[in-house]
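A.B. asks: Numbering (our numbering), first residue to last: 21 to 269.
(1) What is the DSSP secondary structure of residue 235, counted as helix, strand or coil?
(2) Let me make sure I understand the geometry here. Which of 121, 185, 200 has the alpha-carbon closest to that of residue 106?
(3) Quick check on residue 254: does DSSP put it in helix, strand or coil?
(4) With DSSP collapsed to three states, give me the class of residue 35.
(5) Quick one: measure Cβ to Cβ for residue 50 and residue 42, integer angstroms, because I've assumed they're closer than 8 Å.
(6) Using a Cβ-Cβ cut-off of 7 Å (strictly less than) and excluding sequence neighbours within five positions of residue 195, which residues of its own chain qualify?
(7) Could you tell me how far apart the beta carbons of residue 208 and residue 231 are, in whole angstroms, since I believe they sit closer than 8 Å?
(8) For the region 47–117, list the alpha helix (DSSP H) runs that are entirely contained and at least 4 residues long, ordered along the chain.
(9) Evaluate the contact criterion for the region 136–144 versus the region 179–196: three or more CB pairs, one atom per stretch, below 8 Å.
(10) Nearest by alpha-carbon distance to residue 74: which of 184, 114, 46 is it?
(11) Taking buried to mean at least 16 other C-beta atoms within 10 Å of its own C-beta, is residue 167 buried or exposed?
(12) Which class does residue 154 belong to by DSSP, given the choice of helix, strand or coil?
(13) Is the Cβ-Cβ distance between residue 111 and residue 131 less than 7 Å?
(14) What's the gap between the Cα of residue 165 and the Cα of residue 251?
(15) Can you look up residue 163 in the DSSP assignment and give me helix, strand or coil?
(16) Residues in the same chain with beta-carbon distance under 8 Å from residue 185, minus the five sequence neighbours each way, listed in chain order, please.
(17) Tell me whether the beta-carbon of residue 40 lies closer than 7 Å to the beta-carbon of residue 84.
(18) Out of 260, 246, 265, 268, point me to the one whose CA is closest to residue 31's CA.
(19) Whose C-alpha, out of 188, 193, 263, is nearest the C-alpha of residue 255?
(20) Have a look at the DSSP bridge pairing and note the partners of residue 262.
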């Protein structure tokens, strides 16, 4: 099985002179992606509710709530034009349908879907997209393989995948690309919370279903950078499933 060190060395991308925006930057996937982008020479505009544990002269971080329309409006107005973005902000709140409420559903959809739409809306209004931009949305394998208790999370991720295609249609004159990554379990904060809330035995039983093990944030960072790079210039409006072989079991 590939360890994080080998994953990091797996591929290098040249992003010199390119500018990218990333939300959900303080999560495991966000941090791994920022490091990979900076390593490739990119200028990065990041956002998260928390501060970042990394600093760099080419990293410009804005701490704030991505669901706050006024914050997003001011943030987008303050940045230079971008060559793409990564929408990595996300929220999960498993709950059987019989216990769902509109308030709880809206909280998840606000982060996972509505804020993504609002972000793109502001980027278009402020004319912040360079031509041939490449954009990545972090979806979930659950959009194709739903689970009990995942009604609002699964729905929001499925909607995000469809939205990415609408975005490309409306940015046709800019020749923009948008793709989604649909990971299964990745060793992030959500994984750690799952261990805390459940039993280690049940978690180990689930992990055993992954022939190649569960994902590392660096696995996602590699795929994100591929999608942002010119190496994927002929890939558009697709969803890449990343499941460590889980679905073939």
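Built from N, CA and C at the ideal position, the CB exists for glycine as well.
Keep in mind it's a predicted model, so treat the numbers as computed, not measured.
C.D. replies: In short:
(1) In the structure shown, residue 235 adopts extended strand secondary structure according to DSSP, grouped into three states.
(2) Nearest of 121, 185, 200 to residue 106, Cα basis: 200.
(3) Under the three-state reduction of DSSP, residue 254 is assigned to coil, being neither helix nor strand.
(4) The answer is coil: DSSP assigns residue 35 none of H, G, I, E or B.
(5) So it is a contact: roughly 6 Å between Cβ atoms.
(6) Cβ neighbours of residue 195 within its own chain (closer than 7 Å, five residues either side excluded): 151, 152.
(7) The C-beta separation of residue 208 from residue 231 comes to about 20 Å, leaving the pair out of contact by the 8 Å criterion.
(8) List check, alpha helix (DSSP H) in window: 48–59, 89–98.
(9) The answer is yes - the region 179–196 touches the region 136–144, with three or more Cβ pairs under 8 Å.
(10) When 184, 114, 46 are compared, the shortest CA-CA separation from residue 74 is found for 46.
(11) Exposed, since its Cβ has fewer than 16 Cβ neighbours within 10 Å.
(12) Residue 154: strand per DSSP, three-state reduction.
(13) Their beta carbons are under 7 Å apart, which means residue 111 touches residue 131 by this criterion.
(14) Taking the straight line joining both Cα atoms gives about 29 Å.
(15) Annotated three-state conformation of residue 163 is helix, per DSSP.
(16) Taking residue 185 as the centre and dropping the five residues before and after it, the same chain places the C-beta of 198, 257 closer than 8 Å to its C-beta, in chain order.
(17) Contact flag unset, no.
(18) Comparing Cα positions, the closest option is 246.
(19) Looking at the Cα atoms, 188 is the closest of the given residues.
(20) Answer is 203, bridged to residue 262.
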